Structure formats: C-alpha cells, structure tokens
Amino acid sequence: MGLGVAVGTPIVLMAVSILVHYAAMRVTLRWLAGRDFARHWGVLVGMGIVMAAQVLTICLYALAYEQIQAMPQMGQLEGEIEGGWLDYFYFSIMSYTTLGVGDIHPTGALRVISGLQALNGFALIGWTASFAYALMREGWK
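Numbering of the sequence shown is given in my numbering, commencing with residue -11 and proceeding in unit increments.
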C-alpha cells in the first residue's frame, strides 16, 4: 500500500494540477479574446487566474498531506508542527516552490510525494512564466 500511495498520489495530483492550469489558461485566453481592454489588462487578469490555479494546486497537495498523516506507515511531517491545516499548507508551499526551508520535513514515503510535488511545482511555475510572457508579448505590442 505504501508504494502505491507514495507514487499514485503525486501522479494523480500532477495530472489534476496540469489540467487545472491548462483550463485556467484556456479560460483566460477565451475570456480575453476580442475584448478591448484585453491589451492593457490582459496580463493582470491572466496572471490573477493562473496564480489562483497555483494556489489551488498547493491546497490540493496540502489536503493530500493532511489525509496521509492518518496513515502512519506512510511517514509523517516532522519538525515545527503545530498540528493544524496551516502546517500542511505551509509545507506544501515550501515543496511546490522548491524553497524547502527545512523547519518541517517529511519522513518515509512522504519524501517521495514532496519531491514529486517540487518537480510539479517547478514545471508549472515555468509554464506560468511562459504564459505570462506570451500575454505580455501580445498585450504590450
């Protein structure tokens, strides 16, 4: 069970987060198409929508960490933990952004999940930067 959860959870979360980001970008582009203000405000609107998708992805991983804590065989989050949802959210931010402060760290199979979350976050942050560049290139001609 441990290996299946350790590998399956981040694969599902990666797939969902890619779909969420794709949908956010598509919605943004469709919404901006043909609008007069899109040239000036498109970058701000687009970045707001895509950043909301980033936060949603971080929340999904935080929820997964919270649920996996109920399975001690999967490992635990250790360190400066107060025991609330904010700890999972904070750890998820640290993993997603590859910042990895280290005041909270995973043990056991949770290390695999947090490592794959870092890979996912790195890729999606890069995708967001590319999207922002495309919006600016079109909007600021």
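Glycine included, each C-beta is placed from N, C-alpha and C at the ideal position.
Small disclaimer: the values here were computed from a predicted structure and weren't measured.
Do you know how far the Cα of Ala(-6) is from the Cα of His93?
-> 16 Å
Are Thr95 and Gln64 touching if we call contact CB-CB under 8 Å?
-> yes
Where does Leu87 fall in DSSP's three states?
-> coil
Span of the beta strand (DSSP E) around Pro94 = Ile92 to Pro94
Can you check whether the CB of Tyr84 is closer than 8 Å to the CB of Gln105?
-> yes
Assigned exposure category for Val43 - 16 Cβ within 10 Å defines buried = exposed
N- and C-terminal bounds of the alpha helix (DSSP H) containing Glu180 = No information on residue 180 is available, as it lies outside the stretch -11 to 129 that the chain covers here.
Rounded to a whole number of angstroms, what is the C-alpha to C-alpha distance between Arg18 and Arg99?
-> 39 Å
So is Ala52 buried or exposed if we call it buried at 16+ other beta carbons inside 10 Å?
-> buried
Can you give the Cα-Cα distance for Gly72 and Tyr49, rounded to whole angstroms?
-> 15 Å
What does a CB cutoff of less than 8 Å around Val38 pick up in its chain, not counting 5 residues either side in sequence?
-> His9, Ala12, Met13, Thr16, Thr116, Phe119 and Ala120
In chain order, what residues of the same chain lie with their CB nearer than 6 Å to the CB of Gly30, ignoring the 5 residues before and after it?
-> Leu20, Leu123 and Gly127
Let me know if Asp75 comes out buried or exposed under the rule of 16 or more other beta-carbons within 10 Å of its beta-carbon.
-> buried
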